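Protein sequences appear in the order of chains A and B. The numbering of the first sequence is the working numbering, which starts it at 1 and goes up by one. The numbering of the second sequence is the working numbering, which starts it at 1001 and goes up by one. Below is one structure, written out as structure tokens; comments come after it.
2 protein chains.
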Amino acid sequence: MTSPSNTGHRTLPLPDLNTAFPGPVPTSPHADHVEQQLLRWTEEFPLLAPADERRSLCSITGQGIARALPTADPDSLVLCAELFLWLVAFDDVHGEATAARDPALLVDRVGELIRVLADDDESADSPNEPFAAGLGDLLARFRARGTPTQYLRLTRHLLDNFLGLIWEAHNLPQPERVTVRTYCAMRPDTSFVRTIMATAPIALAYELSDEQQSSEPVRQLETAVAHLAGWVNDLASYARETERLHATPLSLPTLLMAEHRLDLPTAFAMASRMCEEQAEVARTRISELTSDSSPPLTLHAQALEHIAYSFIWHVGHDRYAESTTAAARTVALHPTTGSPSCP
Amino acid sequence: MTSPSNTGHRTLPLPDLNTAFPGPVPTSPHADHVEQQLLRWTEEFPLLAPADERRSLCSITGQGIARALPTADPDSLVLCAELFLWLVAFDDVHGEATAARDPALLVDRVGELIRVLADDDESADSPNEPFAAGLGDLLARFRARGTPTQYLRLTRHLLDNFLGLIWEAHNLPQPERVTVRTYCAMRPDTSFVRTIMATAPIALAYELSDEQQSSEPVRQLETAVAHLAGWVNDLASYARETERLHATPLSLPTLLMAEHRLDLPTAFAMASRMCEEQAEVARTRISELTSDSSPPLTLHAQALEHIAYSFIWHVGHDRYAESTTAAARTVALHPTTGSPSCP
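In structure tokens, the structure reads:
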């Protein structure tokens, strides 16, 4: 993430993540296959009507998940990519501005999805609505592939995502009301990053023990990657979101400006520093866990590394490129006072 | 649950659960101790201001959890009772009618609680608001007592509860819009019954294997008890809720009336039959699992039996007694056509 972001006439600083996550970004040899399978799956489950949106989403998701899980087998890759595509499409179609206009409608839709998640015998007949049907298809396949605990963890994060989208819908109209601290807690649930993390043990067939999962290094690594994923997206999409919404987006720079009374470039500089700090924490923990750990911990740390890479990579995709300049150069940040790690 | 419910001049049929769950209801010798501890805990975390409401809630919760977990040690009982009290108090204070008037406020409050649940290092300082502080206290104690998977399961159900309350808040103003099927899927999340189920393995120190947890008999038993718990509450509280809200409550009889074009007594008869069917399913599964199973399955089936008893018991408490006649007698139900198990 080395391109300065343009909003209007200003060039805004972006984080330098090359030190912690140097290129090239590893990817899977099956990336194009995954993208093709996504196009097929979205024919079966027509989540998105406009053909160009569908193609663009299949591209960024297929290529993105191929970078998040570059060593996974093709079937697992396709399954994880379909889940991520499902989440992003659900957010695009039923979340964001649509949900902000009518939050009750989003809550009702989530109610339908909870029924799919509950999956008791009485609701076993297939739903017709594409999102409910698509989710049912995905859950059945994840349940068959993962252990019950892995599946429990995955569905817990899906619930977090639904709550996150509902929370976002209620706060989009007045983003400045949200504190930076609350935003940092909720952002991983609207970026879906923890859901991707929960797919990794299923796709790569490893399992952390309970103790490993709740150990300090693993939790710190997961938290750092979770923050990083949401914040780089916020920075890269800020200009596009501002333009699209004709309003201030619910995004880290907005809240830093409001809370610390900053102008936009200073808020971008602060957010960039926050990203770099999380990238550094993540790198330290990855190095530690991959050098002297049991196999599942090493695999998990590598998975988290790739997931971080994929989020850093995705903001350079066409979907975001409109709002960033083509010139790729490292941004020299002005030092900001104080350490703005998530308050 | 054998007292007919009065609404105005009508006497409404209630289910006969004596066959599946005959009295007396087992309870813990520590019931009064638990109630006293709840009074102390609600001094430390002042969730409810009015003294009479606080006393009444400590009584029904302390005595109820003593019946849900009659063989648990005193400390575990107190912890589980405090969690259930926290949930009911949160619903009373921030959910229901208050939330229906301003759903965004409930969503914001849930956002704060998610921060407590996320429990990353950066949000480790204690919150001041009593509900956030109380939840933080409970989670720390559950985390210390349960295995990570038990804790994960518990927090997953807390998220379900939060989503359930948000869903309820958005649907309270027009309950007839909700289908019976959706209601049946959401009701366990607003009755908190699955959260109590998730506390049982922690309080009673047993652990189901993943395979046992996801086995058909266990899932059927849990689903039957989950339905039963919400529906007996719906029937017992219908008159009180109608009076309190000056409106039609979001409750099983309301939705059966709307969906099947029934009058209230017929809807009560249908709902009562549904309760009796679930009680029968639960009893069959309990007998099966306690007669020929491994120790954790037997313990789990016994726990589910006690939880069902506690929900059946609680509707006879003073909190509900106002709306039921004092005469305890078995209600002879008129046969209804068709089998109204949850559609």
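Yeah, the Cβ is synthetic: ideal placement off N, Cα and C, and Gly gets one too. All of these numbers come straight from a predicted model, not from anything done at the bench.
| message | Between the alpha carbons of Leu304 of chain A and Val225 of chain A, how many angstroms are there, rounded? | response | 7 Å
| field | Residues near His1314 of chain B in its chain [Cβ-Cβ closer than 7 Å; skip 5 each side] | value | Closer than 7 Å at the Cβ level, and outside the excluded window around His1314 of chain B, lie Ile1060 and Gly1064.
| field | Tyr183 of chain A versus A:Trp41, A:Ala118, A:Leu255 and A:Glu96, residue with shortest Cα-Cα distance | value | Scanning A:Trp41, A:Ala118, A:Leu255 and A:Glu96 for the CA closest to the CA of Tyr183 of chain A turns up A:Leu255.
| Beta carbon of Leu165 of chain A, beta carbon of Thr190 of chain A: below 8 Å? | yes
| task | Please state whether DSSP places Pro201 of chain A in a helix, a strand or coil. | result | helix
| task | Work out the CA separation of His94 of chain A and Gly230 of chain A for me, nearest whole Å. | result | 20 Å
| Out of curiosity, what's the CA-to-CA distance linking Thr33 of chain A and Pro148 of chain A? | Residue identity check: residue 33 of chain A is His in the sequence provided, not Thr. Distance between the alpha carbons of His33 of chain A and Pro148 of chain A is about 29 Å.
| query | Given Arg143 of chain A, which residues of its chain have a CB within under 6 Å of its CB, disregarding the five upstream and five downstream residues? | reply | The residues are Tyr151.
| Interface residues of chain B around Gly111 of chain A at Cβ under 7 Å? | Trp1167, Thr1182 and Met1186
| DSSP state of Leu1252 of chain B, grouped into three classes? | helix
| query | Within the chosen definition, does the region 1098 to 1107 of chain B reach the region 1165 to 1181 of chain B through at least 3 CB pairs nearer than 8 Å? | reply | yes
| Ala1020 of chain B - DSSP class collapsed to helix/strand/coil | coil
| request: Just the C-alpha distance for Val218 of chain A and Trp86 of chain A, rounded to the nearest angstrom, thanks. | output: 27 Å
| request: Below 7 Å CB to CB, which residues in the same chain sit around Arg1153 of chain B once its five sequence neighbours on both sides are set aside? | output: Ala1198
| request: Would you give the residue range spanned by the alpha helix (DSSP H) that Thr284 of chain A belongs to? | output: Leu264 to Ser291 is the span of the alpha helix (DSSP H), which, as asked, contains Thr284 of chain A.
| Taking Glu288 of chain A as the reference, which of A:Glu276, A:Pro70, A:Asn18 and A:Gln302 has the closest Cα? | A:Gln302
| said: Excluding the 5 residues flanking Leu1250 of chain B on each side, which residues of the same chain have their C-beta closer than 7 Å to its C-beta? | reply: Correct list, in chain order: Glu1168, Asn1171, Leu1172, Pro1175 and Val1178.
| message | Using C-beta distances below 7 Å, list every residue in its chain close to Ala1132 of chain B, excluding the 5 sequence neighbours before and after it, in chain order. | response | Glu1112, Leu1113 and Val1116
| Cβ of Ala1089 of chain B within 8 Å of Cβ of Leu1057 of chain B? | yes
| Cβ shell of Asp1121 of chain B (< 8 Å), same chain only, five flanking positions each side left out | With a pLDDT of 44 at Asp1121 of chain B, under the threshold of 50, the modelled position of this residue cannot be trusted, and the question is left open.
| Can you tell me the Cα-Cα spacing of Gln1036 of chain B and Leu264 of chain A, whole angstroms? | 55 Å
| message | Rounded to the nearest angstrom, what separates Ser1293 of chain B and Ala1205 of chain B at their Cα positions? | response | 17 Å
| query | Whole-angstrom Cβ separation of Pro1387 of chain B and His1306 of chain B, contact assumed at under 8 Å? | reply | Absent from the model: residue 1387 of chain B. The displayed extent of chain B is 1001 to 1343, so no value can be given.
| task | Flag Arg55 of chain A as yes when its Cβ comes closer than 7 Å to any non-hydrogen atom of the ligand ZN, and as no otherwise. | result | Of ligands this structure carries none, so the ligand ZN is not represented either.
| Which term fits Arg261 of chain A, buried or exposed, when burial requires 16 or more other beta carbons within 10 angstroms of its beta carbon? | exposed
| request: For the region 1167 to 1242 of chain B, list the alpha helix (DSSP H) runs that are entirely contained and at least 4 residues long, ordered along the chain. | output: 1180 to 1191, 1193 to 1203 and 1210 to 1213
| query | Which whole-angstrom value is the C-beta distance of Ala20 of chain A and Glu280 of chain A, which I expect to be below 8 Å? | reply | 6 Å
| Proximity below 8 Å, CB of Arg1141 of chain B to CB of Leu1079 of chain B | Contact: yes.
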